[in-house]
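This report concerns only the one structure given below.
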Amino acid sequence: MSQNHAMSTAYDPQAVEARWYARWEEAQLFLADARSPRPKYSIAVPPPNVTGELHMGHALGGTLQDTWARYRRMTGYEVLWLPGTDHAAIATQNVIERQLAAEGMTKEQLGRPAFEARVEEWYTTVGETIISQFRDLGASLDWSRLRFTMDPAYVRAVRTAFVRFWEKGWLYRGPRIVNWCPRCLSAISDLEVVWEEHHDTLYFIRYPVEELSGEGVVIATVRPETMLADTGVAVHPADPRYRHLVGSHAILPLVGRRLPIVADEAVEREFGTGALKVTPGHDPMDWEIGQRHGLDLINGMHLDGRMNVPDLPAYDGLPGVEARGLVVRDLEAGGFLVKTEPYVHQVGHCDRCGSVIEPLISEQWFLRMGPMAEAAIAASERGEVRWHPERYERTYLDWLRGIRDWCVSRQLWLGHRIPVYTCANGHRFASVDEPAACVECGSRQLEQDPDVLDTWFSSALWPFATLGWPEDTDDLRAFYPTDLNATAREIINLWVSRMIMTGIEFMGRVPFADVAIHCVVQTADGQRMSKSKGNTLDPRDMIRKYGVDAVRAWAASVAMSGQDVRFDETRIEGFKRFANKLWNATRLVLNGLGEDPVPVPAPDADLRLIDRWILSRLQATIRGAGRGIEDYLPQVSINGLYDFAWHDFCDWYLEAVKPRLRDADPAARAVSLHVLDVLLRLLHPFMPFVTEELWHRLPDERDFLIRSPWPEASDRFDAPEAEASIARLIAMVDEIRRIRQAAGAPRRGGRLRFEQPVGPEIAELAADLAAVQVVDELAGPGVALTELPARLELPVAEVDHSANAAARKRLEDDLARARAKLSNQEFLDRAPAAVVEKER
RNA sequence: GGGCGGUUAGCUCAGCUGGCCAGAGCGCCUCGCUUACACCGAGGAGGCCGGGGGUUCGAAGCCCUCACCGCCCACCA
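Take any residue in the first sequence, note its place counting from 1, add 932, and you have its number in this note's numbering.
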């Protein structure tokens, strides 16, 4: 009852936030019970890489997930929000390699076992630090179920998935052209290639034609050095310029190789000369042309990007760029270089290290994707996954429809080793467990495939592998499928779509019902935040400055807006002030409560007009807040709550009931306490800390907000007539203040006469809120108000009648507009009756 | 080359399926330290709702078109 004595006049987020998270954890509020009889709700956190720091994306995603998790708990669900981290093979390996480089070492010098030990150490020291940053956000994660994609149980899940694919015959190994990163020395998938614009030179080179002496065919290329591995020339079958050449041979300059000239529809007639040098070993399209026409395959490059042309010692072993200079010089000297042109085009880079990707032939494992993609598309068509915003479903479907087999092998030291073994007799098989002997011949001489799996292969299993799959666990039965996946759009295809595919494949059901794609936060000047540019923001800095609740409320207000947002710190600051406002509103209410127990809510009979008004507004706010969350539009909820709390509740209701609180009016006490109680519940999923703190300061013993029921709107409190009359009152009070200030009159005082009866409550509120004396007769004519039939007389020598001119003009304009509409017969005929009535 | 978003007050953004004088936060101007809050209160200024057509009784919202900005996908060397 006297808690308010301990309340300072300003809210201090740091002091409050520090206490609660530990108490929540201690009370095991976030612990999910798989055997609970309640309906289940679950979310698997998108596991952050163990390489990074918490960034804005985590703040947005984390806030969204926590908001839904808390909301579901309050609405009666047994909630599991599962935390975890991803080993991020290629990214982590790069980090460790950079560390080693700084120590003047390479991983080869260190050796694989020592390297792995080092990685292990990194995972344990850094891994948990990263995920535990979610605590700073107030995330209600079930830490007892913390998972890591390299946990023994998870490793088993990955191996199981691989073996199941193997048994279906969807895994195959073969030499293919892949995206090769010459720095990481590994293949990467198409999705891991980032394209950047390059300004290069397009070289036009003449290849003599063997059968027609004197004639030649001119090709265009940006990578002349790759010509050393050319095995053909291609032209479009319908190109009249070259039709006569098809079937003859070009002689490769500098090398002398005979290149069949073939016709292939992949050739663009408009590009360059319309003739294409075919280098099946170094270009994906060329590789396909080569396949179609049976062209030879030459691998002209080593895995580190140096030329591999032992027959041409002049170029052999040179790095690509050096070879290019030499080749161009030699072509020029030989008279083969026709011309050069500046050329702008897209060049692929390694997502992780930025190196230019070399399309290279290498032996890789591929996973057949067609059947899983089809199943995923079908599930989508049945509406089993709902996307928010909806349009992202298309991003996903488009990718699925054009899906290609997935190169799942990586030539890294770090990651899930591919569980394929070859015995001394050449038998190859996959095994979940470490095999002791060959399944076919019993040979004990086994060798495991040296490659590891793409990180995303293990991530794809996240929603069920974290719950214990392939074992049939309580968790899996209780919490699969999960309900929500909240993530960034850049990993829709890398991650979300693959989870959907594996979920259907292994669990028979899509892994989540809803996918929420949050926006991307750009810098204040519209730049993309990136570590390399050094323009990222650490959410924890904002948390220190404004408190977590402010950061979260801001996150909720922007995350699901349809477009990316520029970072605007003043908006976070605005929510910090909002927390302060809540703090002080609570102080006021507590001060007004007195010692008597307050019945909540007050009996109808005792409710005054303004009480019925705020309760009616509250019902609308409850509905709006719930709808916002249900519709994945948290901004609707948070903005509505902000508006109600600040403007309806603080500006008008509390101002209006101050005198009654002082007079110990039971209805005012009960209603203000009730509204505050409900408001704190509604805000809790968004701003868990202030709300918890304030709620516990309210009278009576209180549990935790997360375990208290989410408010339900009650029709009983809907009072449209109260809303209408208070709305008119507010408009009139605003008008009086406007006139008074414009007239330079004192802030209080003046007399008001109603020209129509308004009832005692309105009169009293008007007197109080507008600080006027309500009288039956004015001394003089006064000023006629426009919002209500009333006249105002101010204690100044002369009221400036023009003061209210603007308002009057607006009203007159409005009237004129309405008259014009109403005199328009077509409007009367065609507009709906309700609209016409409103104009009247 | 396809596809998708965006363009609303000085800044950052709301405006759902077309219908109250187009809103909020911040900033700006003028007042006010009245016993919840100066992290505050009261008032105010400020917008051809990107340009141009069209549909409609009525458009920021629907259709067409143009111009920028951004994102995703894509094997034109």
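Beta carbons are placed, not taken as given, at the ideal position from N, Cα and C, and that holds for glycine.
Straight-line gap, residue i to residue j (C-alpha atoms, nearest Å)
i       : j       : result
Ser1734 : Ile1671 : With a pLDDT of only 49 at Ser1734, under the threshold of 50, the placement of this residue in the model should not be trusted; the figure read from the coordinates follows. Each residue's Cα considered, the two are about 9 Å apart.
Phe1576 : Pro1643 : 15 Å
Met933  : Pro1531 : Annotation note: pLDDT 41 at Met933 (below 50); position unreliable, no value reported.
His1181 : Arg1261 : 24 Å
Val1480 : Trp1000 : 17 Å
Leu1573 : Leu1637 : 17 Å
Ser1390 : Asp1383 : 14 Å
Arg1669 : Pro1689 : 22 Å
Ser1072 : Val1241 : 59 Å
Ala964  : Thr1405 : 14 Å
Ala1255 : Val1125 : 24 Å
Ala1765 : Ala1552 : 25 Å
Val1199 : Tyr1174 : 12 Å
Val1340 : His1277 : 28 Å
Tyr1324 : Asp1496 : 14 Å
Asn1231 : Gly1213 : 5 Å
Ser1657 : Glu1693 : 11 Å
His1320 : Val1603 : 37 Å
Test item: CB-CB of residue i and residue j under 8 Å
i       : j       : result
Val1210 : Asp1162 : yes
Thr1081 : Pro1402 : no
Ala1752 : Leu996  : no
Gly1682 : Glu1725 : yes
Ala1599 : Arg1549 : no
Arg1484 : Leu1069 : yes
Leu1630 : Leu1605 : yes
Leu1078 : Gly1016 : yes
Ile1221 : Ala1307 : no
Phe1649 : Val1607 : no
Ala1645 : Ile1561 : no
Met1233 : Met1433 : no
Met1301 : Asp1337 : yes
Gln1343 : Leu1117 : yes
Ala1021 : Thr983  : no
Val1149 : Ala1207 : yes
Pro1727 : Pro1678 : yes
Asp1018 : Thr1387 : yes
CB-CB length for residue i against residue j, believed under 8 Å
i       : j       : result
Ala1654 : Trp1545 : 4 Å
Leu1014 : Asp1083 : Not confirmed; about 13 Å, so no contact.
Leu1299 : Leu1426 : Going by Cβ atoms, the distance from Leu1299 to Leu1426 rounds to 14 Å, so no, they are not a contact pair.
Val1090 : Leu1385 : 7 Å
Glu1142 : Ile1183 : 5 Å
Leu1244 : Leu1160 : 6 Å
Sequence-distant residues of the same chain with beta carbon closer than 8 Å to residue i, five excluded per side
i       : result
Ser1493 : Cys1451, Gln1567
Met1664 : Ala1698, Ala1702, Leu1717, Glu1719, Leu1720, Ala1722
Asn1417 : Ile975, Ala976, Pro978, Pro1395, Val1428, Met1431, Pro1443, Phe1444, Asp1446, Val1447, Ala1448
Asn1512 : Ala942, Tyr943
Tyr1459 : For clarity, residue 1459 is Gln in the given sequence; the question names Tyr instead. Taken in chain order, the residues that qualify are Lys1465, Asn1467.
Arg1762 : none
Tyr1353 : Arg1360, Phe1361, Ala1362, Ser1363, Pro1367, Cys1370, Leu1378, Glu1379, Gln1380, Asp1381
Thr1327 : Arg1421, Ile1424, Asn1425
Own chain, CB closer than 6 Å to residue i, minus 5 neighbours either side, in chain order
i       : result
Val1259 : Pro1156, Glu1157
Ala1695 : Val1706
Glu1372 : His1359
Phe1268 : Ile1137, Arg1138, Pro1185
Gln946  : none
Close Cβ partners of residue i (< 7 Å) along its chain, the five nearest in sequence each way excluded
i       : result
Gly1712 : Glu1725
Pro1251 : Gly1237, Arg1238
Ile1504 : Met1474, Tyr1478, Ala1482, Val1483, Trp1486
Review point. Using 8 Å as the Cβ pair cut-off and three pairs as the minimum, do the region 994-1012 and the region 1023-1043 touch?
Key: The answer is no - the region 1023-1043 does not touch the region 994-1012, with fewer than three Cβ pairs under 8 Å.
Check your understanding: Using 8 Å as the Cβ pair cut-off and three pairs as the minimum, do the region 962-982 and the region 1385-1400 touch?
Key -> yes
Exercise for review: Indicate whether the contact test is met: 3 or more Cβ pairs, each with one atom in the region 943-954 and one in the region 1049-1058, closer than 8 Å.
Suggested key: no
Review point. Between the region 1404-1413 and the region 985-993, do at least 3 Cβ pairs fall closer than 8 Å?
Key: no
Review point. Is the region 1104-1114 touching the region 1293-1309, taking contact as three or more C-beta pairs under 8 Å?
Key: Yes: at least three Cβ pairs fall under 8 Å.
Check your understanding: Do the region 1265-1283 and the region 1132-1139 meet, that is, are 3 or more Cβ pairs less than 8 Å apart?
Key -> yes
Check your understanding: When the Cβ atoms of the region 1164-1179 are set against those of the region 1193-1209, are three or more pairs found closer than 8 Å?
Key -> yes
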